[in-house]
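In the UniProt record's numbering, the protein residues as written are 1 to 736. Below you'll find the structure, written out as structure tokens, and then a few comments.
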Amino acid sequence: MGRESDAKGDAKLKQKGTKLKRLSDRENAGSGGDLIKKRSSKSKEKKNDGSPKQVREVLEPVGSCSDLVKLELQGDFTEKKKKGLKRKRVKDEPIEEEAAFVSERGIKPLSDEEASEGEAQKKESKKKPKKTVKKEEEEQPVTKKPKRSKEEIEEAKMLKMKKKEEEEQSRWRWWEEERYEDGVKWKCLEHNGPYFPPEYQPLPDNVNFFYNGKKMKLSLAAEEVALFFAQMLDHEYTTKKVFRENFFRDWRKEMTHQERLVISDLEKCDFRELHAFHKDKVEARKALSKEEKQAQKDANQKIVDKYGFCLLDNHRERIGNFKLEPPGLFRGRGEHPKQGMLKKRIQPEDIIINCGKESKPPAPPAGHHWKEVRHDNTVTWLASWTENVQGSIKYIMLNANSKLKGEKDWEKYEVARKLKSCVDSIRDGYLRDLKSKQMVTRQRAVALYFIDKLALRAGNEKEEGETADTVGCCSLRVEHITLHDELDGNDCVVEFDFLGKDSIRYYNKVPVIKKVFKNIKLFMESKDPGDELFDRLNTALLNKHLSSLMPGLTAKVFRTYNASITLQQQLQQLTNKSDNVAEKLLSYNRANRAVAILCNHQRAPPKTFEQSMANLHSKIVARKEQLALAKTELKLAKKELKTRGSPDSKLQSVVDRKAAAVKRCEDQLLKMEVQATDREENKQIALGTSKLNYLDPRISVAWCKNMDVPIEKIYNKTQREKFAWAIDMTEADFEF
DNA sequence: TTAATGACTTAGGATTATGTTG
DNA sequence: CAACATAATCCTAAGTCATTAA
Numbered sequence: 001m002g003r004e005s006d007a008k009g010d011a012k013l014k015q016k017g018t019k020l021k022r023l024s025d026r027e028n029a030g031s032g033g034d035l036i037k038k039r040s041s042k043s044k045e046k047k048n049d050g051s052p053k054q055v056r057e058v059l060e061p062v063g064s065c066s067d068l069v070k071l072e073l074q075g076d077f078t079e080k081k082k083k084g085l086k087r088k089r090v091k092d093e094p095i096e097e098e099a100a101f102v103s104e105r106g107i108k109p110l111s112d113e114e115a116s117e118g119e120a121q122k123k124e125s126k127k128k129p130k131k132t133v134k135k136e137e138e139e140q141p142v143t144k145k146p147k148r149s150k151e152e153i154e155e156a157k158m159l160k161m162k163k164k165e166e167e168e169q170s171r172w173r174w175w176e177e178e179r180y181e182d183g184v185k186w187k188c189l190e191h192n193g194p195y196f197p198p199e200y201q202p203l204p205d206n207v208n209f210f211y212n213g214k215k216m217k218l219s220l221a222a223e224e225v226a227l228f229f230a231q232m233l234d235h236e237y238t239t240k241k242v243f244r245e246n247f248f249r250d251w252r253k254e255m256t257h258q259e260r261l262v263i264s265d266l267e268k269c270d271f272r273e274l275h276a277f278h279k280d281k282v283e284a285r286k287a288l289s290k291e292e293k294q295a296q297k298d299a300n301q302k303i304v305d306k307y308g309f310c311l312l313d314n315h316r317e318r319i320g321n322f323k324l325e326p327p328g329l330f331r332g333r334g335e336h337p338k339q340g341m342l343k344k345r346i347q348p349e350d351i352i353i354n355c356g357k358e359s360k361p362p363a364p365p366a367g368h369h370w371k372e373v374r375h376d377n378t379v380t381w382l383a384s385w386t387e388n389v390q391g392s393i394k395y396i397m398l399n400a401n402s403k404l405k406g407e408k409d410w411e412k413y414e415v416a417r418k419l420k421s422c423v424d425s426i427r428d429g430y431l432r433d434l435k436s437k438q439m440v441t442r443q444r445a446v447a448l449y450f451i452d453k454l455a456l457r458a459g460n461e462k463e464e465g466e467t468a469d470t471v472g473c474c475s476l477r478v479e480h481i482t483l484h485d486e487l488d489g490n491d492c493v494v495e496f497d498f499l500g501k502d503s504i505r506y507y508n509k510v511p512v513i514k515k516v517f518k519n520i521k522l523f524m525e526s527k528d529p530g531d532e533l534f535d536r537l538n539t540a541l542l543n544k545h546l547s548s549l550m551p552g553l554t555a556k557v558f559r560t561y562n563a564s565i566t567l568q569q570q571l572q573q574l575t576n577k578s579d580n581v582a583e584k585l586l587s588y589n590r591a592n593r594a595v596a597i598l599c600n601h602q603r604a605p606p607k608t609f610e611q612s613m614a615n616l617h618s619k620i621v622a623r624k625e626q627l628a629l630a631k632t633e634l635k636l637a638k639k640e641l642k643t644r645g646s647p648d649s650k651l652q653s654v655v656d657r658k659a660a661a662v663k664r665c666e667d668q669l670l671k672m673e674v675q676a677t678d679r680e681e682n683k684q685i686a687l688g689t690s691k692l693n694y695l696d697p698r699i700s701v702a703w704c705k706n707m708d709v710p711i712e713k714i715y716n717k718t719q720r721e722k723f724a725w726a727i728d729m730t731e732a733d734f735e736f
């Protein structure tokens with residue numbers, strides 16, 4: 001009940017905080033300086049403190065990413081071993097454990113293709129020590145641990161494969177079906193509603209909160225929230241002022257009147273026992289026995305079985321996020337003004353259920369009711385609620401491998417391909433517009449130039465004070481760019497430095513054409529650092545223009561298009577049919593990385609990065625020493641052979657052996673050095689996002705077919721499920 | 001015409017599962 | 001087999017963009 005009033009409060013706040021309105025833009029170029037939208041320049045200080053995690057040095061313009069990536073070795077998944085196992089392992093690799101929990105009549109042996117696949121393989125390989133991955137050759141029964149009979153092994157294998165076949169058969173090949181009429185997303189939809197997180201369990205009596213040094217028993221509600229804070233104590237952000245203030249304010253709201261009177265200063269709160277309690281709990285969970293862990297897993301599976309799926313048009317589809325978000329403290333990204341606020345527990349009374357008219361609506365938890373049950377088949381969500389921190393709506397939707405998501409994804413790439421066919425004329429258009437008399441048009445042209453060339457995001461306006469201060473193209477401010485008439489031998493260089501989505505820093509120095517450069521200079525004239533660069537432009541205007549150029553065209557399509565086309569080009573450039581699989585994969589990952597760099601997909605360097613890098617380097621050093629040793633030995637042997645004068649077959653073979661050792665050593669050294677370089681380069685680059693969201697999977701599938709690379713090397717199981725449509729329909733001659 | 005809302009995609013970090021190594 | 005490294009999965013925040021309401 002408090003929830004509703006909260007939401008209202010938020011809405012009001014928003015109104016108040018709304019930025020000055022943009023002024024209309026009827027003026028001509030060059031005369032608009034007075035109409036600039038003002039923005040408090042406090043925002044600018046924000047940006048640079050807290051030194052953004054990552055800096056990317058220089059980004060190549062689209063389509064010229066050639067030297068982005070030096071070397072790539074380590075491949076995405078567990079390629080190496082898979083590869084080894086790939087073809088033949090089937091036959092008689094012992095699969096001991098397997099047989100244990102699967103027991104069913106078998107099916108005929110796997111085709112070798114199948115056998116290697118996915119989990120079957122993974123499981124097997126982990127279970128047994130695995131004799132260094134057999135090379136492709138038919139492995140004989142080999143060692144074989146005595147435990148299980150051959151039949152059992154066979155049986156397990158068949159079982160596996162049967163399961164797989166079944167899975168294959170039950171897969172809904174929606175991409176072969178006709179689409180629904182506009183707007184209709186489904187005809188029948190049935191599900192069991194969301195899964196609620198467990199109730200709060202009160203602390204045991206021996207775990208206490210202390211205020212000002214005195215033990216204090218908290219009410220249930222206050223205790224729960226206190227525990228949220230205590231759990232995070234190891235995190236740096238619990239030391240941040242904003243976080244602490246937000247937390248404390250919201251915590252006090254949960255307290256009883258009595259508690260509120262006493263607890264007035266967060267500094268005087270001692271959560272240490274709660275913190276320790278939580279840590280112990282985590283430890284205990286880790287220390288569970290095998291059986292207990294298995295029991296947990298089984299219980300979990302049951303929940304998934306019941307709540308994790310829905311029935312959509314008579315097909316069982318996986319739900320993406322069927323578990324409701326548990327309560328906790330909000331942690332936004334970057335310098336979020338709302339960090340630390342209490343994210344409340346969601347009640348059934350907050351939830352709107354969406355399902356088919358004819359279907360039986362899910363039952364609310366006993367003693368509760370849903371906020372509403374509706375039957376809207378023009379949307380794809382199964383349940384929704386309004387979240388209390390930002391006041392936005394959250395949804396329960398289907399998994400990425402579902403028809404609903406897949407179809408949309410496919411469509412997205414089709415739009416991007418359509419852009420390919422008209423991108424030239426669109427480029428001509430905005431280049432022409434750079435000289436327009438209209439200020440808006442010029443701004444639009446420059447913005448488009450950025451979006452196209454640099455793959456910037458559109459940059460919607462955001463309410464100040466409600467979220468972290470981040471920008472995209474249209475919302476760039478003067479403070480985010482620096483102009484250099486000349487820099488590092490290039491003319492007309494624009495230096496970008498701003499925080500984008502998720503407060504990831506975008507840093508780039510780009511040479512641009514003169515007309516663009518001059519325009520930017522013009523836009524910046526007599527503006528303050530905190531003023532918008534494109535003061536006449538917004539995303540609505542931009543997209544309206546784009547959709548008039550091509551139906552379905554919006555700013556983000558350029559990102560998709562440029563990402564995919566870059567992958568295709570890079571793959572073509574980098575791979576040779578004659579390469580071996582490892583080399584091909586290397587090239588693929590390089591191409592992928594070129595895209596990730598283009599899209600600025602960064603990650604925090606892995607926690608263990610420095611360590612593992614150091615390990616690798618010390619290995620390299622060791623190997624170098626070994627190499628030096630091998631070399632001197634070789635030299636010695638050679639000398640001896642020479643002094644002998646007459647040919648000596650024995651000595652000769654020694655020399656040969658030494659030479660081979662040197663060679664081997666060199667190879668290994670090279671490989672490690674390559675790996676080191678590669679890892680170093682990938683330190684801050686995340687390949688996953690582009691692979692999942694920007695690269696038309698059909699490009700990859702076609703490449704695999706052309707290059708004789710198994711698709712499993714490129715996509716893991718989840719990814720193969722998501723891209724099943726592409727894997728199924730794509731021929732080798734596909735062109736994006 | 002603009003602001004707010006709604007629905008959906010995109011995103012990186014945290015957590016968990018798996019695999020490797022000493 | 002413990003300790004560690006890496007990959008997969010989970011989680012949910014933060015964008016985009018069209019529609020709706022004021």
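Yeah, the Cβ is synthetic: ideal placement off N, Cα and C, and Gly gets one too.
With distances taken Cα to Cα, identify the nearest neighbour of residue i among the options.
i: Gly472; options: Leu634, Val709, Ala416, Asn600; result: Asn600
i: Glu177; options: Gly406, Met397, Pro362, Asn693; result: Gly406
i: Leu574; options: Asn592, Val262, Arg374; result: Asn592
i: Leu274; options: Ala230, Pro710, Pro202; result: Ala230
i: Val379; options: Ile513, Leu448, Tyr180, Thr566; result: Tyr180
i: Asp485; options: Leu695, Trp410, Val510; result: Val510
i: Leu634; options: Gly530, Asn615, Ala659; result: Ala659
i: Leu329; options: Asn388, Pro362, Pro365; result: Asn388
i: Lys268; options: Phe248, Leu431, His278; result: Phe248
i: Thr470; options: Pro362, Phe498, Asn399; result: Phe498
i: residue 787; options: Glu372, Asn490, Val478; result: The structure shown does not extend to residue 787, since the chain is modelled only from 1 to 736, so the question has no answer here.
i: Thr386; options: Asn377, Gln347, Lys412, Glu461; result: Gln347
Can you name, in chain order, every residue of its own chain whose Cβ lies under 6 Å from the Cβ of residue i, other than the five neighbours on each side?
i: Met255; result: Ala222
i: Phe734; result: Arg698, Ala702
i: Phe523; result: Leu533
i: Gln719; result: none
i: Arg315; result: Contrary to the premise, residue 315 reads as His rather than Arg in this sequence. Answer for His315: Trp172, listed in chain order.
i: Met232; result: Thr238
Contact defined as beta carbons within less than 8 Å: I believe residue i pairs with residue j. What is the distance between those atoms, to the nearest angstrom?
i: Asn519; j: Cys474; result: Not really, about 15 Å apart at Cβ, beyond 8 Å.
i: residue 738; j: Leu585; result: What the structure shows of the chain is the stretch from 1 to 736, and residue 738 is not part of that stretch, so it cannot be assessed.
i: Arg333; j: Asp502; result: 5 Å
i: Lys323; j: Glu190; result: Going by Cβ atoms, the distance from Lys323 to Glu190 rounds to 19 Å, so no, they are not a contact pair.
i: Asn206; j: Gln339; result: In fact, because the Cβ distance is near 32 Å, the residues do not count as touching under 8 Å.
i: Ala630; j: Val662; result: 5 Å
Tell me which residues share the same chain as residue i and place their Cβ nearer than 7 Å to its Cβ, disregarding the 5 neighbours each side in the sequence.
i: Lys306; result: Asn192
i: Met707; result: Thr575, Lys577, Lys584
Does the Cβ of residue i have 16 or more other Cβ atoms within 10 Å, making it buried, or fewer, making it exposed?
i: Lys408; result: exposed
i: Lys453; result: buried
i: Asp728; result: exposed
i: Val55; result: Here Val55 scores only 34 on pLDDT, less than 50, and its place in the model should not be relied on; the value that follows carries that caveat. Exposed, because fewer than 16 other Cβ atoms sit within 10 Å of the Cβ of Val55.
i: Lys713; result: buried
i: Thr482; result: exposed
i: Ile303; result: exposed
i: Glu568; result: One detail in the question is off: residue 568 reads as Gln in this sequence, not Glu. Gln568 should be labelled buried.
i: Arg272; result: exposed
i: Val446; result: buried
i: residue 817; result: No answer is possible for residue 817: it lies beyond the span of the chain, which begins at 1 and ends at 736.
i: His617; result: exposed
i: Val423; result: buried
Beta-carbon within less than 8 Å of residue i's beta-carbon, same chain only, minus the 5 sequence neighbours each way: which residues are those?
i: Ser384; result: Ile351, Ile352, Asn354, Ile393, Lys394, Tyr395, Ile396
i: residue 738; result: Residue 738 is absent from the structure shown; the chain starts at 1 and stops at 736.
i: His375; result: Asn354, Cys355, Gly356, Lys357
i: Ala596; result: Ile685, Ala686, Leu687, Thr689, Ser690
i: Lys705; result: Thr730, Glu731, Ala732
*asked:* Please give the ranges of any alpha helix (DSSP H) in the region 692 to 723, keeping only runs that are unbroken, at least 4 residues long and fully inside the region.
replied: 697 to 707, 717 to 722
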